[in-house]
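Note that the working numbering has the sequence shown beginning at 670, numbered continuously upward. Input: a single structure, listed below in structure tokens.
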Amino acid sequence: MDRRRYSMAEPILKWAGGKRQILHEIVALMPEDFRNRTFHEPFFGGGAVTFWMEPKKGTINDINPKLINFYVVVRDHVDELIEDAKRHKNEKEYFYKARAEFNEIVRNGFEIPNIRLASLLLYLNKTAFNGLYRENRKGEFNVPFGRYKNPKIVDEERLRKASEVLRNLEIYNEDFTYILKVAKPGDLVYFDPPYHPVSETASFTSYSKEDFSKEDQERLRDVCLELHERGVYFILSNSYVKPVRELYEGIEEFEVLKIYAKRPINSKADRRGEVPEMLVTNVPTELRVGRERAKLLVNNGRSRTLVAPKSLVEYLTIAERST
Numbered sequence: 670m671d672r673r674r675y676s677m678a679e680p681i682l683k684w685a686g687g688k689r690q691i692l693h694e695i696v697a698l699m700p701e702d703f704r705n706r707t708f709h710e711p712f713f714g715g716g717a718v719t720f721w722m723e724p725k726k727g728t729i730n731d732i733n734p735k736l737i738n739f740y741v742v743v744r745d746h747v748d749e750l751i752e753d754a755k756r757h758k759n760e761k762e763y764f765y766k767a768r769a770e771f772n773e774i775v776r777n778g779f780e781i782p783n784i785r786l787a788s789l790l791l792y793l794n795k796t797a798f799n800g801l802y803r804e805n806r807k808g809e810f811n812v813p814f815g816r817y818k819n820p821k822i823v824d825e826e827r828l829r830k831a832s833e834v835l836r837n838l839e840i841y842n843e844d845f846t847y848i849l850k851v852a853k854p855g856d857l858v859y860f861d862p863p864y865h866p867v868s869e870t871a872s873f874t875s876y877s878k879e880d881f882s883k884e885d886q887e888r889l890r891d892v893c894l895e896l897h898e899r900g901v902y903f904i905l906s907n908s909y910v911k912p913v914r915e916l917y918e919g920i921e922e923f924e925v926l927k928i929y930a931k932r933p934i935n936s937k938a939d940r941r942g943e944v945p946e947m948l949v950t951n952v953p954t955e956l957r958v959g960r961e962r963a964k965l966l967v968n969n970g971r972s973r974t975l976v977a978p979k980s981l982v983e984y985l986t987i988a989e990r991s992t
């Protein structure tokens, strides 16, 4: 019996608010035939959902041009990226020189693709404090050195696998409303916007110099309504707070679900742990993968070889055969 594991794509950047730990909750809401649908992720970030799905067709987007430059380079110039990134050093003095070079390229303006900028972003992401990506109002990266003993800056296998996935996708650097130009009836969209802060002092929206405002949240709700009217399926995640819930709870065709996730980004250790989050979808219940199947799909680690089964018994049989 062949026990070799299928080599799955994984996120290649550390990114605050990553979705791997609640991936099964997101997959549970997807249509069972999600692998046959065009998939879009307008707030890409670390891309955990897209990399897990490995869609055959679709789009990704992010408002941060440095981030999008990185993914374009990974898709189209992965060999050159790996070659350049291997030269970096995990040293404090080198880190601040690299950070200054990164910010200088940004200040001077750059065209996509820019291999050196992508290489610097990868390096800073792997060696900066807590793997954070944060910008000041000038759009400059300002996270300090992280003091990791032996960080894996260049994971060639993971980068090459990510490149394979991205080759199937179109990459945009626009406002999230681009989705109205590209999504077709039957497509599936996953929205992971900057979360609405749970308190006045708990905003973590500065992944780019533009914050995501209350008005932006309302615009996003309107986009979801437009997509629904066009026959496009969507799943959206956000913080479980009243201002956001009120945007969606009154819409009969949408379902709002409360889930829990561990978010260790609070500065006070005693406030870290499970926090409520919200998922919203217009995928009809009878079409969904369901939580039990989703857990098996995500935990099994062979998502591409498994198809949505007609019954849980059939699914377990397929999963057993794959080991």
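C-beta: ideal position from N, C-alpha, C; glycine also.
Counting other Cβ atoms within 10 Å of its Cβ, Tyr-909 reaches 16 or more and is therefore classed as buried. Lys-766 and Leu-793 have their C-alpha atoms spaced approximately 11 Å apart. Inclusion of Leu-698 and Phe-713 in the CB contact set at 9 Å is not warranted, their separation being larger than that value. In this structure Pro-820 touches Lys-795 by the C-beta definition: roughly 5 Å separates them, less than 8 Å. By the CB criterion at 9 Å, Gly-686 and Tyr-902 fall outside the cutoff. Unbroken beta strand (DSSP E) runs of no fewer than 3 residues, entirely contained in the region 762-837, are not found. Ala-787 sits away from Asn-733, with the two beta carbons spaced by 9 Å or more. When beta bridges are read from the DSSP output, Tyr-841 appears opposite Asn-730.
Only residues of its own chain outside the window of five on either side were considered, and among them Val-696, Ala-697, Leu-698, Met-699, Pro-700, Glu-701, Phe-703, Leu-966, Ala-977 have a CB closer than 8 Å to the CB of Val-958, listed in chain order.
The straight-line gap separating the alpha-carbon atoms of Ile-691 and Pro-945 is approximately 11 Å. Within the region 886-913, no complete alpha helix (DSSP H) segment of 4 residues or longer occurs. Beta-carbon to beta-carbon, Leu-948 and Ile-920 are separated by about 14 Å, too far to satisfy the 8 Å threshold. Tyr-917 is positioned such that its CB atom lies no closer than 9 Å to that of Arg-888. Counting C-beta pairs closer than 8 Å gives three or more between the region 739-747 and the region 831-839, which meets the contact rule. Excluding five sequence positions before and after Cys-893, the CB atoms of its chain that fall closer than 7 Å to its own CB belong to Phe-903, Leu-905, given in chain order. Residue environment: Arg-816 is assigned as exposed (fewer than 16 neighbouring CB atoms within 10 Å of its CB, all protein chains considered). By alpha-carbon distance to Ala-754, the top candidate from Pro-680, Val-823, Asn-705 is Val-823.
Taking Asn-842 as the centre and dropping the five residues before and after it, the same chain places the C-beta of Pro-734, Ile-737 closer than 6 Å to its C-beta, in chain order. Around the beta carbon of Arg-836, fewer than 16 other beta carbons lie within 10 angstroms, which makes this residue exposed. Val-925 carries a strand assignment under DSSP once its states are collapsed to helix, strand and coil. Nearest neighbour of Lys-761 by Cα position, chosen from Phe-798, Ile-784, Asn-705, turns out to be Phe-798. For the 9 Å CB-CB criterion, Thr-707 and Lys-853 form a contact. Taken through DSSP and simplified to helix, strand or coil, Val-858 comes out as strand. The residue from Val-851, Glu-694, Ala-930 with its alpha-carbon nearest to that of Lys-726 is Val-851. When C-alpha distances from Arg-806 are compared across Asn-772, Asn-783, Glu-839, the shortest belongs to Asn-772.
When DSSP states are grouped into helix, strand and coil, Met-699 belongs to the coil group. Per the coordinates, the alpha-carbon of Val-952 lies some 43 Å from the alpha-carbon of Glu-752.
DSSP places Phe-713 in the coil class of the three-state scheme, outside both helix and strand. In chain order, Pro-700 place their CB closer than 6 Å to the CB of Leu-956, counting only its own chain and leaving out the 5 sequence neighbours on each side. The beta carbon of Asn-783 lies closer than 6 Å to those of Asn-738 in the same chain, with the five residues before and after it left out.
Of the candidates Glu-749, Ile-840, Glu-898, the residue whose Cα lies closest to the Cα of Glu-825 is Glu-749. Per DSSP, the unbroken alpha helix (DSSP H) holding Glu-749 starts and ends at 747-754.
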